[in-house]
């Protein structure tokens, strides 16, 4: 029997409790993607019949997972699409909306949405996803790795009408210089891990930490990374940094209410379960 899809309701990622992957697969976009852990994991199983990643890291919608957070029996911080990017060009807007409506239903969870497609996120949060932009239980965030590609995403994030905004500065590949953290609620910083990990200079991290302190922004240091990230740890100047944005979530519901909401989430998934997902993506790409 194959393992469950990509960590599900338990995660070893330091800043979250669970991962939820209603989309699988991605396309590299910038230098931070060079040694993508998700691609490495997925491609190990390409061609293995019946495995969740039989198609490797090719883009695939997974509507059967849309209702998953409503089946969990405890409140969690949930990293949305740890194995993809919700705002990939070929993910249909209607499907992104379905994901957001599930997050609105499951208001006892904190959802953490992270993208490198900041312009598309900004546009949709200002239009089709306006209902979700101000949800108190959803963090909207962008990845930042350097000045050229990463910092422009911060501008788009600030321009989005999001209630909670965060940055994942991982892997941090250079000194970012002065960053405008206006409107940002939390920053997570980390080095790259793995056999080909690029180096992380402590001064780059200290610069971000000090700017966060000056701006009153929550600062979380995830890891030094490297070939042996466990050995390198996450201690910075003698201590760990664990601050995250505050989030307002509803109390965990009783079973009767949770099951009613689960039915609503399953209804959102139903239209996507009928046609082959590959056909849905192809139709969206050609529209």
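Residue numbers (the numbering used here): 276 to 562.
Glycine included, C-beta positions come from ideal geometry on N, C-alpha and C.
Here the structure is a predicted model, which is why all the values come from computation and not from measurement.
With DSSP run on the structure shown, which of helix, strand or coil describes residue i?
| i | result |
| --- | --- |
| residue 463 | strand |
| residue 278 | Summary for residue 278: the model assigns pLDDT 41, below 50, so the residue's position carries little reliability; its value from the coordinates is reported in the next sentence. Looking at residue 278 - three-state DSSP - the assignment turns out to be coil, as it is neither helix nor strand. |
| residue 353 | strand |
| residue 501 | strand |
| residue 433 | helix |
| residue 535 | helix |
| residue 398 | helix |
| residue 299 | strand |
| residue 525 | coil |
| residue 416 | strand |
| residue 482 | helix |
| residue 406 | helix |
| residue 517 | strand |
| residue 448 | coil |
| residue 470 | coil |
Tell me whether residue i is buried or exposed, calling it buried when 16 or more other Cβ atoms sit within 10 Å of its Cβ.
| i | result |
| --- | --- |
| residue 515 | exposed |
| residue 293 | buried |
| residue 548 | exposed |
| residue 382 | buried |
| residue 307 | buried |
| residue 446 | buried |
| residue 300 | buried |
| residue 395 | buried |
| residue 563 | Because the chain spans 276 through 562 in this model, residue 563 falls outside it and cannot be assessed. |
On a Cα-Cα basis, can you pick out the residue from the options that is closest to residue i?
| i | options | result |
| --- | --- | --- |
| residue 460 | 493, 400, 473 | 493 |
| residue 443 | 527, 503, 385, 519 | 519 |
| residue 411 | 336, 439, 467 | 439 |
| residue 508 | 530, 467, 423 | 467 |
| residue 462 | 543, 416, 401 | 416 |
| residue 288 | 545, 464, 474, 489 | 464 |
| residue 390 | 500, 542, 424, 517 | 424 |
| residue 546 | 338, 381, 486 | 338 |
| residue 302 | 366, 517, 343, 497 | 366 |
| residue 490 | 286, 456, 511 | 456 |
Rounded C-beta distance between residue i and residue j? I'm assuming under 8 Å.
| i | j | result |
| --- | --- | --- |
| residue 329 | residue 323 | 6 Å |
| residue 392 | residue 362 | 4 Å |
| residue 345 | residue 533 | 6 Å |
| residue 355 | residue 290 | That pair is no contact at about 13 Å. |
| residue 298 | residue 336 | 6 Å |
| residue 436 | residue 408 | 5 Å |
| residue 511 | residue 496 | 5 Å |
Jot down the residue ranges of each uninterrupted beta strand (DSSP E) in the stretch 302 to 383, minimum 3 residues, whole runs only, in chain order. 352 to 355
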